[in-house]
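In the working numbering, the protein residues as written are 777 to 951.
The beta carbon of each residue, even a glycine, is placed where N, CA and C say it ideally should be.
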Amino acid sequence: MLRLRCIVLGLLVGSSMALGGCVPAPTPLQEGAEVAVIAPTAQALAGGSAGLPVMQVHKSPSCGCCTVWVEHLRKAGFAVEVHHADNLYPLKERLGVPYGKGSCHTAVVGDYVIEGHVPADDIKQLLAQAPNAKGLALPGMPLGSPGMEVPDGRSQPYIVELIERDGSTSAFAQH
Ligand SMILES: [Cu+2]
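Next up, the structure:
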């Protein structure tokens, strides 16, 4: 049900500037109100991904596609802490997510912000390269990106963007 709602919203917003995400809500930020620590799977650890910094994921409690993205991170070996808040706008602003580059969830890993359904491999590449930048953003919710898969396998091409220190963006990875 929630997942379907996310998919429908994803279709509506496409790759445009959807800051609202799955379930936009106007209530104030309650950062860390609910925290669930999810350890990486044993299989992922065996795969050699141990030692990655913990991901702090901020999402609304009802966002289903965000939860699927968290599962994608876990499978890739990340330990994930989930923080629930209904309004992520203040957080996005504080972390420097540029206007028009928003999505349904916002994560922090190391010194970087990760906005939206960014593939785990891109995050690992960012951490390995350690550029002097704010982080990565995948605006909107492109179909077929991690957490936005649909049963018939449809996908749309998308570009993960590097957020520079000055707030400008450039292409980081093409999918
Ligand atoms: Cu989403």
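Residue range 840 to 851 is occupied by the alpha helix (DSSP H) that includes Glu-847. Gly-876 has its CB no nearer than 7 Å to any heavy atom of ligand 1. At least 8 Å separates the beta-carbon of His-848 from that of Ala-883. With respect to Thr-945, Ala-913 sits close: the two C-beta atoms are nearer than 8 Å. Contact between Ser-879 and Pro-837 fails: their C-beta atoms lie close to 17 Å from each other, not under 8 Å. Any heavy atom of ligand 1 within less than 5 Å of a residue's beta carbon puts that residue on the list, which reads Cys-841, Cys-880, Met-917. Considering only Lys-868, Leu-867, Phe-854, Tyr-888, the residue with the shortest C-alpha distance to Lys-910 is Tyr-888. In the structure shown, Ala-949 adopts extended strand secondary structure according to DSSP, grouped into three states. One thing to note: Gly-943 has its Cβ no nearer than 8 Å to the Cβ of Gly-886.
Leu-902 sits in a helix when the DSSP states are folded into three classes. Judged by DSSP in its simplified three-state form, Ala-913 adopts strand.
Residue environment analysis places Tyr-875 among the exposed positions, since fewer than 16 neighbouring C-beta atoms fall within 10 angstroms of its C-beta.
At a Cβ-Cβ threshold of 8 Å, Pro-907 and His-951 do not count as neighbours. The beta carbon of Trp-845 sits closer than 6 Å to the beta carbons of His-893, Pro-922, Gly-923 from its chain, once the five residues preceding and following it are set aside; these are given in chain order.
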